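Protein chains: 2
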Amino acid sequence: MYELLYQKIGEIISITTEEFDFCKTLFLPKKLRKRQYLLQDGDICKYTAFVEKGILRTYSVDEKGNEHILQFSPEGWWLSDLYSFLTHEPSLFNIEALEDCELLLITKPSWDLLLEKIPVFERYFRILIQNNLIVTQRRLMGTLSETAEQKYLKLIETYPGCLQRVPQHMLASYLGITPETLSRVRSQIAARK
Amino acid sequence: MYELLYQKIGEIISITTEEFDFCKTLFLPKKLRKRQYLLQDGDICKYTAFVEKGILRTYSVDEKGNEHILQFSPEGWWLSDLYSFLTHEPSLFNIEALEDCELLLITKPSWDLLLEKIPVFERYFRILIQNNLIVTQRRLMGTLSETAEQKYLKLIETYPGCLQRVPQHMLASYLGITPETLSRVRSQIAARK
DNA sequence: AAATGGGCTTGATCTATGTCAATGATTTTA
DNA sequence: TAAAATCATTGACATAGATCAAGCCCATTT
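Taken in sequence, the protein lines are chains A and B. Note that this note's numbering numbers the first sequence so that position 45 is 644, with each residue one more than the last. Note that this note's numbering numbers the second sequence so that position 119 is 718, with each residue one more than the last.
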């Protein structure tokens, strides 16, 4: 159950098997069925999750009822509403399983304990968050300058895996365009080949 | 010269004066005149900077020649192209002083040394980057769902200080709209009051 | 004081994308 | 297997914001 977690941690830092044994005690395994929520808008994000299996989406809903996807989180990724998790303020996001999922959950107190007992995890999370920031900044700059078609082409280049697992209208709401526009963009690309 | 840095670090972690004395030796003071570049697109970002005085902007230029501003960095903030700094790949960004600035620069080797000698800095930078990620994620979600007017209103609410120091067309390119649109948005808001 | 130039505003268009609506196709549920 | 959702596509039309262009204001330089 913890193999993937162990592997992912080992890609970035070195810890002993004793340390990892302690680490394991801090996590709560959890299964989610497809369409089940890990977090709902208005609730406080009590857990940060490591995805062992499946894929989830984090999204918000605007006043007009449109959904906007912040990220997809397939197996091997960490997942949380960082702001709500850290501050205990109600979250603006929903986190929903797009497939049956297996997660490892950690609460804020356990997370704090982990950082305290095994300080090298400060480094681990610093690097994870750093990488996330770099990707998010790039995406932001892309939304400021690119056309719908450029965004889509960049997406399929960057995350070819997502395309098979995620319905098209969710890709659209990740890109910040409507499903209709995405459909038209795709048919234009196809027509040119 | 190092007062602000000391104060800012102390807001997040505790370090001894000896530790801070060591820390100081790793920084290189640097003054920039208004319009001078700290980093140009295509160069490798050799420094992370702490801003003691002044304000800078980080921006990129797209194929059509339009500028898109990633962030403004006033005094008390850290500043870098994280990706280029970490990987030594050429940067896609320009960093330009918008006023005469006083900076403290640290190279990658010195930064690594700092983290190694005073590991609590892992925590410090983790928290900084974490806060940056939270803000960037919110801004991204905003760009996906908000109108030009909503974005502008949120900006003046969130960063009232920037408005006085930064020319309006740069606020527009931060928001991802044209200067003309921002001008019209402002006149509409004014007309309603 | 004149000249230069950057920055802001305003007007007239243009365009990419959104909105609304209908039609099949495909998957899920009963 | 039928019924019901869900999803992708396509067409007609609407609109927010971009683009192009002109003029004005204010600061800096000559």
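Note that beta-carbon positions come from the ideal geometry of N, C-alpha and C, so glycine has one too. As the structure is a computational prediction, the values presented were derived from the model and not from experiment.
*asked:* Runs of 4 residues minimum, wholly inside the stretch 718-771 of chain B: which ones carry the alpha helix (DSSP H) assignment?
replied: 719-744, 747-757 and 759-764
*Enumerated in chain order, which unbroken segments of the beta strand (DSSP E) with a length of 3 residues or greater are wholly contained in the stretch 657-684 of chain A?*
666-673
*How about G775/A: is its C-beta nearer than 8 Å to some C-beta of chain B?*
yes
*Grouping DSSP H, G and I as helix and E and B as strand, with all else coil, what is K645/A?*
coil
*For M740/A and chain B, any beta-carbon pair shorter than 8 Å?*
yes
*Taking F621/A as the reference, which of L762/A, W710/A, D699/A and T746/A has the closest Cα?*
W710/A
*asked:* Please report the distance separating the alpha-carbon of E695/A from that of Q639/A.
replied: 8 Å
*Between the stretch 729-738 of chain A and the stretch 676-693 of chain B, are three or more C-beta pairs nearer than 8 Å?*
yes
*asked:* Could you check whether the Cβ of D642/B sits closer than 8 Å to any Cβ belonging to chain A?
replied: no
*Short CB-CB distance (under 8 Å) between I694/A and chain B*: no
*Interfacial residues, the stretch 668-684 of chain B to chain A, with Cβ spacing under 7 Å*: L669, L681 and Y682
*Span of the beta strand (DSSP E) around E578/A*: Any question about residue 578/A goes unanswered here, given that chain A covers just 600 to 792.
*Please report the residue range of the alpha helix (DSSP H) in which Y605/B lies.*
E602 to G609
*Would you say R722/B faces chain A, with C-beta separation under 8 Å as the test?*
yes
_Check whether chain B comes within 8 Å of S744/A, counting only Cβ atoms and requiring the distance to be less than that._
yes
_Cβ of S659/B within 8 Å of any chain A Cβ_ = yes
*asked:* Is P718/B close to chain A? Criterion is C-beta to C-beta, closer than 8 Å.
replied: yes
*According to DSSP, which residues form a beta bridge with T616/B?*
DSSP output for T616/B lists no bridge partner at all.
_So the candidates are N730/A, D699/A, V719/A and T615/A; which of them puts its Cα closest to the Cα of R632/A?_
D699/A
*If F692/A and T657/A are in contact, beta carbons under 8 Å, what's the gap, nearest whole angstrom?*
5 Å
*asked:* Can you tell me whether T706/B is helix, strand or coil according to DSSP?
replied: strand
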